[in-house]
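Note that the protein sequences, when read in sequence, are chains A and X. Just so you know, we're using our numbering here: the first sequence kicks off at 1 and counts up by one. Just so you know, we're using our numbering here: the second sequence kicks off at 308 and counts up by one. Just so it is clear, CB atoms sit at the ideal spot from N, CA and C, and this is done for glycine as well. See structure below.
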Amino acid sequence: MTALVIIEHDNASVKDATLAAITAAKAFGDVHGLVAGADCDAAAQAAASIEGVTKVLVADDAAYAHPLAEELAAVVLSIADSYDAIIAPATTTGKNFMPRVAAALDVAQISDIVEVVSTDTFKRPIYAGNAIATVQSSDAKKVITVRGTAFDKAAAGGTGVVEAISAADKVGISEYVGAELSKSDRPELTSAKIIISGGRGMGSGENFSIIEAVADKLGAAVGASRAAVDAGFVPNDYQVGQTGKIVAPELYIAVGISGAIQHLAGMKDSKIIVAINKDEEAPIFQVADYGLVADLFEAVPALEKAL
Amino acid sequence: MKIMVPVKRVVDYNVKVRVKSDNTGVELANVKMSMNPFDEIAIEEAIRLKEAGKAEEIIVVSIGPKAAQETIRTGLAMGADRGILVEHDGEAEPLAIAKILKAIVAEENPNLVFLGKQAIDGDNNQTGQMLAQLLGWPQGTFASEVAMGDDTVNVTREIDGGLETVKLNMPAIVTSDLRLNEPRYASLPNIMKAKRKPIDEKTPADYGVDMAPRVTVLKVEEPPKREAGIKVESVEELVSKLKEKGVI
């Protein structure tokens, strides 16, 4: 069997979440990658050097300069016949185009898998991670998205061949207008080893500076609960939870976060969870390995000093 | 312009669901059910477009058990004009739902279909995209802002690194993210009025769609439980515990 992994990249390098998808794809046997982009040779070379990837197909065309779902689905479909499984990371890009691929192939997509039981059976979380379903697909071809935090990242050291393929016919019903990306020198949330997140208890966006000071000492990423994002304290791509990012760092420090079901869905697979909250009844303490009942405006600066 | 909004009846988002002891699913008997929160946002956006004079009619569609009628009524009470209930008991997979919606689109010819980005029960995040592909329409998923043009719609989308804007030819599919808007509450007079708004009752067979699941749920389990933690008394104690564990 051969699996096709759609490589997520920025035309120069491969994004981390793809490495987990490649690990999941190895269960199907041979793994090929697809790099669709514009001037994306560097990304293709990077993909070919990932261990386990035997071949990288490159569709280099202006149509793929930005990952528009309509165009990306079309190029995946142009080569889909040769594969038993089509796999993408469950990032906002993967979630966007993959169901189009599945629908065109008349296949039920299996979203956000956390385990491959066999080549037709998978585990995936449902109800905001409050239940884990084992599901078996009867479709001949499998279309799957993979939760990045649930699989080890494939290592470097592969020697795959790179092969150009032609672009699919342009669909031309959508166009990219622009993007507004958050700028941060800190590690990316989904791949950070340590994350410190703030919630409604932070009170304001300015107050996040005390969290950032701790983050800088620890080399950590900064996250937030939905309450903090909705209150405008931080941009929405900081949000950890069912509807934001799913993270599983070595250490997750929740500051002023009560621990609603939807937030826990995004972080409860973290190795060690620390909660700092002044409400000792807050649900976050039920999942925290270490809980500190204290006023965060005293505890967080003290933590920064102690590090 | 006509807008269609598919809605789903799901376990209320505040309910902590329990896995059934025989591991066949989660306990849904006597659990509070509500409209999927993302769908409320989709209806709200449609109503705002109508209030801005950019849409004439809003149709709310639900595929599910008879009780999904209540969910449609909620949408009508918010301000939608009429409903279509496609009655189906048991599991309805996103692909089958997308096929029914495609058939309804063929009958109703809406210019826009607004969906929620995902339902909070299955967490699939597929239906809108699948419908877009089946119709050959463009999609604006995870929308946090929608700006109507004449024959196009600009959709600002929440993506991993921030925001992205795409321009879509109409007709189009848009799926709502949390920050698109703050849905309104239905007022009592509007709830009364909604009772007189029409709801068509249909079945999947009316649209020739086979509902047989492609994916069989073999087992549903509780996620692994975390071991109970400890409360520390001070920041110093916390730091020393974390150092012991080697994480800092």
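Collapsing the DSSP output to three states places A:H66 in coil. Among the CB atoms of chain X, none fall inside 7 Å of the CB of A:N277. With fewer than three CB-CB distances shorter than 8 Å, the region 267-279 of chain A does not count as touching the region 331-351 of chain X. Residues of chain X whose Cβ lies closer than 9 Å to the Cβ of A:N130 are, in chain order, K323, V324, R325, V326, V333, E529, P530. For X:R355, no beta strand (DSSP E) run applies; the uninterrupted alpha helix (DSSP H) run containing it begins and ends at 344-358, by DSSP.
Segment contact: the region 17-33 of chain A against the region 145-161 of chain A, three or more CB-CB distances shorter than 8 Å; contact assigned. Nearest CB-CB separation between X:L419 and chain A: not below the 7 Å threshold. Nearest neighbour of A:V161 by Cα position, chosen from A:G198, A:G291, A:A47, turns out to be A:A47.
When the alpha-carbon of A:G244 is set against those of A:I261, A:G256, A:L251, the nearest one is in A:I261. Secondary structure of A:L307 (DSSP, three-state): coil. DSSP places X:K309 in the uninterrupted beta strand (DSSP E) bounded by 309-314. X:L422 places its beta carbon less than 7 Å from that of X:P313. In this structure the region 440-460 of chain X does not touch the region 218-234 of chain A; the number of beta carbon pairs closer than 8 Å is below three. At least one beta carbon of chain A lies nearer than 7 Å to the beta carbon of X:K526. Residues of chain X with a Cβ closer than 7 Å to the Cβ of A:P89 do not exist; the shortest Cβ-Cβ separation is about 10 Å.
The alpha carbon of X:L438 has as its nearest neighbour, out of X:I411, X:M342, X:K504, X:S494, the alpha carbon of X:I411. According to the DSSP assignment, X:P496 belongs to the alpha helix (DSSP H) that extends over 495-501. Contact annotation: the region 368-380 of chain X touches the region 392-407 of chain X, with at least three C-beta pairs closer than 8 Å. X:S547: member of the alpha helix (DSSP H) spanning 542-552, first to last residue. Nearest CB-CB separation between X:R316 and chain A: not below the 7 Å threshold. The region 95-103 of chain A makes no contact with the region 183-200 of chain A: fewer than 3 CB pairs, one atom from each, lie closer than 8 Å.
Taking a beta-carbon distance threshold of 7 Å, A:I210 does not count as an interface residue toward chain X. Runs of the alpha helix (DSSP H) lying entirely within the region 179-258 of chain A, each at least 4 residues long, are 208-218, 226-230 in chain order.
At least one beta carbon of chain A lies nearer than 7 Å to the beta carbon of X:T472.
Membership of X:V412 in the alpha helix (DSSP H) is indicated by the continuous run 401-415. The beta carbons of X:P401 and X:Q433 sit about 4 Å from each other, so the pair counts as a contact at 8 Å.
For X:L470, the uninterrupted beta strand (DSSP E) run begins and ends at 469-476, by DSSP. For A:A20, no chain X residue has a C-beta closer than 7 Å to its own C-beta; the minimum C-beta separation is roughly 14 Å. Boundaries for A:V114: no beta strand (DSSP E) harbours it, and the DSSP string shows neither H nor E there. Counting only Cβ-Cβ distances below 9 Å, X:A405 has contacts in chain A at P99, A103, in chain order. For X:A349, no chain A residue has a Cβ inside 9 Å of its Cβ, as the nearest lies near 14 Å away.
Among the bridge pairs identified by DSSP, A:V135 is matched with A:F122, X:V524. Of all residues in the region 70-82 of chain A, only E70, A73 place a beta-carbon less than 7 Å from a beta-carbon of chain X. Rounded to whole angstroms, the separation of the alpha carbons of A:A254 and A:V287 is 11 Å.
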